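Undergrad:
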Amino acid sequence: MTDYNELTPYKDAINQCVRCGACQAHCPVYDQARQEGAVARGKLALAKALLEESVTIDSRLEEDVSLCLMCGSCVVKCPNKVPTDKIVGAMRREISNRKGLSLTGKTVAALTGHPPLLKALVKTADVLSPVLFKKVPQTSGLRLRFPVSGHAQRTLPAVASKNLFTELPEFIQGRPDKPVVGLFAGCAITYIYPKIGVAMASLLNHLGYSVFTPRTQGCCGIPARSTGDTKLIEQLNRTNLEAFKAHEVAYIVTGCASCHSGIGETDPNSTEEQADFAGKVREIHQFLYQEGLADILAALPTTKERTRITYHDPCHLKTKGIINEPRALLQSLPNTHYEEMENSDLCCGLGGSFSAHHYAYSKAIGQRKVAGIKASEAELLATACPGCMLQLQDSINHAMLNVQTIHILELISKALALDQKWK
Amino acid sequence: MITEQVHTALQNVVGKNNVYTETADLITHSYDATQKEYLPDAVIYATTTREVSDVVKLANQHGVPIIPRGAGSGFTGGTLPIQGGIVLVLTKMNRILAIDEDNLTATVEPGVVTASLQKEVEKLGLFYPPDPASKEFCTLGGNVAECAGGPRCVKYGVTKDYILGLEVVTPTGDIIHTGGATIKNVVGYDLTRLFVGSEGTLGIITKIIIRLLPKPAAKKTMLIQFASIEGAAQAVSTVIRGKIIPTTLEFLDATTLACIRHNSALDIPEECRALLIIEVDGDADILERQAATIIQLVSELDVLHTEIAETEEQSEAIWSVRRSVSPNMRKINPDKFNEDIVVPRSKVPDMIRALEKLSAKYNVPIVNFGHAGDGNIHVNVMVDLKEPGMPETVQRVLQEIFQTTVDMEGSISGEHGIGTAKAAYLPMEIDSATRKYMQTIKKALDPLNILNPGKIFLESTI
Ligand SMILES: Cc1cc2nc3c(=O)[nH]c(=O)nc-3n(C[C@H](O)[C@H](O)[C@H](O)COP(=O)(O)OP(=O)(O)OC[C@H]3O[C@@H](n4cnc5c(N)ncnc54)[C@H](O)[C@@H]3O)c2cc1C
Ligand code: SF4
Ligand code: SF4
Chain E
3 MTDYNELTPY
13 KDAINQCVRC
23 GACQAHCPVY
33 DQARQEGAVA
43 RGKLALAKAL
53 LEESVTIDSR
63 LEEDVSLCLM
73 CGSCVVKCPN
83 KVPTDKIVGA
93 MRREISNRKG
103 LSLTGKTVAA
113 LTGHPPLLKA
123 LVKTADVLSP
133 VLFKKVPQTS
143 GLRLRFPVSG
153 HAQRTLPAVA
163 SKNLFTELPE
173 FIQGRPDKPV
183 VGLFAGCAIT
193 YIYPKIGVAM
203 ASLLNHLGYS
213 VFTPRTQGCC
223 GIPARSTGDT
233 KLIEQLNRTN
243 LEAFKAHEVA
253 YIVTGCASCH
263 SGIGETDPNS
273 TEEQADFAGK
283 VREIHQFLYQ
293 EGLADILAAL
303 PTTKERTRIT
313 YHDPCHLKTK
323 GIINEPRALL
333 QSLPNTHYEE
343 MENSDLCCGL
353 GGSFSAHHYA
363 YSKAIGQRKV
373 AGIKASEAEL
383 LATACPGCML
393 QLQDSINHAM
403 LNVQTIHILE
413 LISKALALDQ
423 KWK
Chain X
4 MITEQVHTAL
14 QNVVGKNNVY
24 TETADLITHS
34 YDATQKEYLP
44 DAVIYATTTR
54 EVSDVVKLAN
64 QHGVPIIPRG
74 AGSGFTGGTL
84 PIQGGIVLVL
94 TKMNRILAID
104 EDNLTATVEP
114 GVVTASLQKE
124 VEKLGLFYPP
134 DPASKEFCTL
144 GGNVAECAGG
154 PRCVKYGVTK
164 DYILGLEVVT
174 PTGDIIHTGG
184 ATIKNVVGYD
194 LTRLFVGSEG
204 TLGIITKIII
214 RLLPKPAAKK
224 TMLIQFASIE
234 GAAQAVSTVI
244 RGKIIPTTLE
254 FLDATTLACI
264 RHNSALDIPE
274 ECRALLIIEV
284 DGDADILERQ
294 AATIIQLVSE
304 LDVLHTEIAE
314 TEEQSEAIWS
324 VRRSVSPNMR
334 KINPDKFNED
344 IVVPRSKVPD
354 MIRALEKLSA
364 KYNVPIVNFG
374 HAGDGNIHVN
384 VMVDLKEPGM
394 PETVQRVLQE
404 IFQTTVDMEG
414 SISGEHGIGT
424 AKAAYLPMEI
434 DSATRKYMQT
444 IKKALDPLNI
454 LNPGKIFLES
464 TI
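First to last, the sequence lines map onto chains E and X.
Everything in the first sequence is counted per this note's numbering, starting at 3 for the first residue and increasing by one.
Everything in the second sequence is counted per this note's numbering, starting at 4 for the first residue and increasing by one.
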């Protein structure tokens with residue numbers, strides 16, 4: 003009897019799959035692969051077979067289990083809401099618990115488990131720029147979500163010279179009548195796009211909140227969940243729990259759609275403390291919208307020259323029903339013209355460690371966005387997830403379009419011309 | 004098990020990496036929407052007609068069954084490898100080869116998903132009407148093999164009404180062509196019709212020539228609540244006698260309404276015992292008049308409330324009532340036996356009454372809804388199979404349902420086909436001489452019984 007302690011809690015959920023096949027219409031990976039092993043139904047059949055011990059973990063099963071972005075698109079459309087994304091996560095943990103981590107998994111662990119290492123490496127070089135990346139040895143932790151081996155064609159942004167924590171004080175005082183809000187930055191905002199983090203802190207502070215950005219916070223755990231690294235997931239959970247303890251925070255906000263899932267979701271093995279923490283997590287756009295920011299923006303004097311913008315739905319927001327809030331904010335901007343694009347809710351194709359394993363599929367999934375972006379004639383493609391920004395920019399570059407991806411928070415803070423009071 | 008020799012021969016035909024035989028592969032191709040499971044011996048994804056033909060020839064040489072598979076959304080087990088063999092998947096043959104705006108035809112490969120063809124032709128102002136509820140994921144090859152239908156069939160007919168011609172790989176591996184690109188064609192036997200609904204037992208469809216229509220300019224949705232099922236049934240006949248053929252005429256019976264009442268976008272009072280959703284399409288200016296005529300025609304018939312959607316949102320709200328049925332039904336009991344019987348339109352109330360009696364007799368919930376316009380009733384027997392004796396009870400209930408259907412001159416399947424799920428009931432509806440005729444055809448075309456064996460006919464009567 004094999005004890006699948008990660009997968010077993012999902013037994014009932016797995017059995018809820020009625021094999022209707024509806025997920026075929028919504029899975030971006032199936033859309034490319036058109037093979038049953040790639041779709042939710044196939045993976046659930048394998049999960050069931052594992053629990054029934056009619057299959058063992060072998061390389062073929064691992065391959066099928068690797069073909070998932072954990073985007074949750076199938077879950078929302080499934081008549082029984084079978085949480086395939088979570089079940090794939092559990093299967094990946096079973097795999098790595100038994101067979102150790104794959105190469106990508108190991109590099110993710112090396113980086114996300116050791117912020118100082120990531121920090122040090124980022125400091126010394128423009129690590130994600132392709133030229134320098136090639137000099138990085140195969141086994142280096144730098145390969146994160148973007149190992150270059152096998153897909154040297156990926157274009158990557160330059161890394162910021164200073165990370166978020168050097169740009170932002172750990173505590174920014176707000177108005178006395180407003181509570182403290184914890185700022186969860188996540189790896190991409192911390193190291194690649196610190197200006198998004200700065201914008202987020204300025205906005206929250208502008209609304210009166212004190213902002214606490216603990217230095218000791220770690221990765222949200224999405225890449226680790228994606229590779230199934232049980233130990234690392236637990237380690238990161240503990241790190242983040244501890245990090246936010248120094249202040250009594252009312253909410254923990256994040257400007258990264260993936261992080262929002264990473265720290266805001268629980269699983270059947272979560273402790274009460276983790277559930278409490280997850281309960282405080284807020285998505286920044288939804289938060290700002292509820293704070294009435296759309297009205298504040300709409301009241302600003304409009305400009306004559308307007309930049310044409312459009313919006314991409316990150317899977318991690320779309321599947322949680324956060325669809326209107328980012329749009330409402332964008333549509334209220336005084337200096338832009340919003341144009342909805344076709345297929346705005348199609349996945350960008352990044353998906354945790356997916357693009358590292360399957361860059362060809364990842365790229366093909368991303369290319370499905372291009373026609374819509376082009377037809378919208380937008381100059382700026384706004385979104386609410388730095389991961390999507392990276393991937394979309396890569397797709398745009400390959401299609402040779404003159405479009406820039408941008409985070410909504412950057413647009414808002416620019417429109418409000420916020421100063422950084424702490425400076 | 005396929006032998007090493009067959010394995011190598013298959014690899015030579017489709018390439019080394021395209022013959023899948025690992026346990027994981029077999030598991031992921033062992034089921035369809037019936038939730039039954041049978042492991043195949045190998046899985047192949049075909050990419051060309053030539054490959055299909057070569058694989059079939061090999062299967063004949065070595066006596067290995069071949070099971071064609073589309074999206075695996077079938078409800079009757081058509082693509083289950085019940086005797087093992089090679090599952091031949093067609094989802095990668097998914098190109099739309101041509102859309103001919105002059106002749107209103109489309110030529111497609113069998114793996115094209117129904118809704119993707121619809122989307123493409125609608126961009127050009129054209130229309131492919133058959134709309135199975137699975138259209139977002141089922142394949143056109145599967146639709147042809149099952150002769151799929153949908154709500155729009157009242158007005159527009161079913162899949163067979165839109166198939167002009169086919170390219171088929173026969174059970175012995177020959178490539179043949181039936182029909183053609185013209186509406187009129189009387190040269191030779193009408194083999195196209197033979198293949199439509201043949202459930203993958205007579206040939207593997209590798210190309211489909213489809214007839215298209217101009218896309219109707221507009222549509223209008225109505226919802227009518229009735230105090231009795233008789234009222235709703237009479238309304239259906241009255242509308243049709245009034246010389247209006249709506250695009251869709253969907254009904255929900257009292258058991259269905261009970262499941263969704265508390266979870267519905269619209270208010271459905273307790274007195275409401277049946278509900279019709281009617282949609283008409285055509286030029287915008289005649290739709291107003293048609294809608295008014297329908298409401299007026301049915302007004303005397305136990306009507307409690309009528310609603311005509313004025314906006315797209317209102318129409319959506321009406322359809323959301325229909326869509327809420329499946330998710331809410333599961334709350335009654337975990338296991339669902341979904342049958343798609345058909346009775347003559349006028350017999351719908353009798354059938355519903357009979358189903359209510361059966362439900363009381365066996366003490367199992369039976370939820371009914373469906374396409375009132377063509378008498379196609381989705382009968383859902385909702386049970387918990389874990390209850391002692393339940394599997395046997397279900398079999399008895401189903402047997403009685405089918406018998407009642409046939410007694411009313413109806414048919415035991417309107418859309419989903421026979422496959423393995425209904426094979427046992429086939430003799431109830433088709434007499435032995437007719438069955439023998441059908442099996443003679445099968446035997447002549449597939450002497451070794453290679454292609455999808457064990458489907459439609461339970462036992463060999465010849
Ligand atoms: C949620 C849901 C709703 C549904 N709603 C409807 C509905 O409204 N109306 C309706 O009619 N059906 C409905 N169905 C049933 C099903 O979708 C249809 O029968 C559909 O036509 C099957 O297509 P497929 O591609 O999934 O075929 P599969 O299930 O893969 O195969 C079905 C049969 O066709 C054969 N076959 C497949 N491709 C080929 C080919 N190229 N050549 C020869 N044989 C082939 C297979 O051997 C098998 O016998 C529904 C199913 C589900 C799960
Ligand atoms: S949509 Fe849900 S129930 Fe249907 S096959 Fe996919 S996972 Fe299973
Ligand atoms: S989570 Fe996304 S990638 Fe994974 S099976 Fe579901 S839809 Fe496909």
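Even glycine gets a Cβ: it sits at the ideal position worked out from N, Cα and C.
Source: prediction; values computed, not measured.
From which residue to which residue does the beta strand (DSSP E) around glycine 184 of chain E run?
TA: Taken as a continuous stretch (DSSP letters only), the beta strand (DSSP E) holding glycine 184 of chain E covers 182–186.
Undergrad: Could you please give the first and the last residue of the uninterrupted beta strand (DSSP E) stretch that includes glycine 91 of chain E?
TA: Run containing glycine 91 of chain E: none in the beta strand (DSSP E); it sits in the alpha helix (DSSP H), 86–101.
Undergrad: What's the call for asparagine 379 of chain X, buried or exposed, on a 16-neighbour Cβ count within 10 Å?
TA: buried
Undergrad: Measuring straight from C-alpha to C-alpha, what distance separates aspartate 421 of chain E and glutamine 175 of chain E?
TA: For aspartate 421 of chain E and glutamine 175 of chain E, the distance between alpha carbons rounds to 15 Å.
Undergrad: Contact defined as beta carbons within less than 8 Å: I believe glycine 75 of chain X pairs with threonine 82 of chain X. What is the distance between those atoms, to the nearest angstrom?
TA: 6 Å
Undergrad: Sort out for me which residues DSSP pairs leucine 382 of chain E with in a bridge.
TA: E:Ile311, E:Gln406
Undergrad: Inspect the beta-carbon positions of valine 67 of chain X and valine 22 of chain X and report whether they are closer than 8 Å.
TA: It is not a contact, given that the beta carbons lie outside the stated cut-off.
Undergrad: Taking Cβ to Cβ, would you say alanine 221 of chain X is nearer than 8 Å to alanine 295 of chain X?
TA: no
Undergrad: Which of the three DSSP states is assigned to serine 212 of chain E in this structure?
TA: strand
Undergrad: Comparing the C-beta of glutamine 369 of chain E with each C-beta of chain X, is any distance below 8 Å?
TA: Contacts with chain X at 8 Å (Cβ-Cβ) do not include glutamine 369 of chain E.
Undergrad: Measure the alpha-carbon distance for valine 255 of chain E versus glycine 266 of chain E and round it to whole angstroms.
TA: 10 Å
Undergrad: Let me see if you follow: with CB-CB separation under 8 Å, is arginine 147 of chain E close to chain X or not?
TA: Low per-residue confidence applies at arginine 147 of chain E: pLDDT is 46, beneath 50, and the placement is therefore not dependable, though the value from the model is reported in the following sentence. No, arginine 147 of chain E does not count as interfacial toward chain X.
Undergrad: Should proline 347 of chain X be listed as close to ligand 1, given that the test is whether its C-beta is under 7 Å from any heavy atom?
TA: no
Undergrad: State yes or no: is the C-beta of valine 78 of chain E within less than 8 Å of the C-beta of aspartate 87 of chain E?
TA: no
Undergrad: Throw me the rounded Cβ distance for the isoleucine 191 of chain E and proline 388 of chain E pair, which I believe falls under 8 Å.
TA: So it is a contact: roughly 6 Å between Cβ atoms.
Undergrad: In the DSSP assignment, what are the bridge partners of methionine 225 of chain X?
TA: X:Ile281, X:Ile311
Undergrad: Counting Cβ pairs closer than 8 Å, one from the segment 325–344 of chain E and one from the segment 370–380 of chain E, do we hit at least three?
TA: The count of Cβ pairs closer than 8 Å, one atom from the segment 325–344 of chain E and one from the segment 370–380 of chain E, reaches three, so the stretches are in contact.
Undergrad: What are the residues that DSSP puts in a beta bridge with serine 414 of chain X?
TA: Paired residues: X:Val345.
Undergrad: In chain order, what residues of the segment 9–26 of chain E put their CB closer than 7 Å to some CB of chain X?
TA: Going along the segment 9–26 of chain E in chain order, one finds Val20, Arg21, Cys22, Gly23, Ala24, Gln26 with a Cβ nearer than 7 Å to chain X.
Undergrad: Return helix, strand or coil for asparagine 165 of chain E, following the three-state DSSP convention.
TA: coil
Undergrad: Taking 7 Å as the cut-off, is the beta-carbon of asparagine 20 of chain X closer than that to any non-hydrogen atom of ligand 1?
TA: no
Undergrad: Just grab the DSSP bridge partners of phenylalanine 340 of chain X for me.
TA: X:Val384
Undergrad: Below 8 Å on the Cβ atoms is my contact criterion, and I expect serine 334 of chain E with glutamine 369 of chain E to pass it. Report the Cβ-Cβ distance as a whole number of Å.
TA: Serine 334 of chain E to glutamine 369 of chain E, Cβ: 31 Å. No contact.
Undergrad: Please state whether DSSP places leucine 198 of chain E in a helix, a strand or coil.
TA: Looking at the sequence provided, one finds isoleucine at residue 198 of chain E rather than leucine. It is helical.
Undergrad: Nearest CA to the CA of alanine 24 of chain E: which residue from E:Ser56, E:Ile59, E:Arg308, E:Ser75?
TA: E:Ser75
Undergrad: Quick one: measure Cβ to Cβ for isoleucine 298 of chain X and threonine 309 of chain X, integer angstroms, because I've assumed they're closer than 8 Å.
TA: 5 Å
Undergrad: Is it a yes or a no for the segment 356–363 of chain X touching the segment 274–291 of chain X, going by three-plus beta-carbon pairs under 8 Å?
TA: No, because fewer than three Cβ pairs between the segment 356–363 of chain X and the segment 274–291 of chain X fall closer than 8 Å, the two stretches do not touch.
Undergrad: When the Cα atoms are used, what is the spatial distance from isoleucine 247 of chain X to proline 330 of chain X?
TA: 32 Å
Undergrad: Along the chain, where does the beta strand (DSSP E) containing valine 172 of chain X start, and where does it finish?
TA: 166–172
Undergrad: Looking only at its chain, what residues have a beta carbon closer than 8 Å to the beta carbon of glycine 471 of chain X, apart from the 5 residues adjacent to it on each side?
TA: Outside the displayed span of chain X (4 to 465) sits residue 471 of chain X, for which this structure offers no information.
Undergrad: So which residues on chain E does aspartate 134 of chain X lean against when the C-beta distance must stay under 7 Å?
TA: Chain E residues near aspartate 134 of chain X: none, gap ~14 Å exceeds 7 Å.
Undergrad: Ignoring anything shorter than 4 residues or poking outside the segment 215–271 of chain X, list the alpha helix (DSSP H) runs there in chain order.
TA: 232–244, 257–263
Undergrad: Just to confirm my understanding: we take phenylalanine 405 of chain X, look at its own chain, exclude 5 residues before and 5 after, and list those with CB closer than 6 Å. What are they?
TA: Within its own chain, the residues whose Cβ lies closer than 6 Å to the Cβ of phenylalanine 405 of chain X, once the five positions on either side in sequence are excluded, are Ile415, Tyr428, Met431, listed in chain order.
Undergrad: Mind listing the chain E neighbours of alanine 74 of chain X? Cutoff is C-beta to C-beta under 7 Å, in chain order.
TA: Simply Gly23, Gln26.
Undergrad: Would you give the residue range spanned by the alpha helix (DSSP H) that alanine 300 of chain E belongs to?
TA: 295–300
Undergrad: List the residues of chain X whose Cβ lies closer than 9 Å to the Cβ of aspartate 66 of chain E, in chain order.
TA: Ala27, Asp28, Thr31
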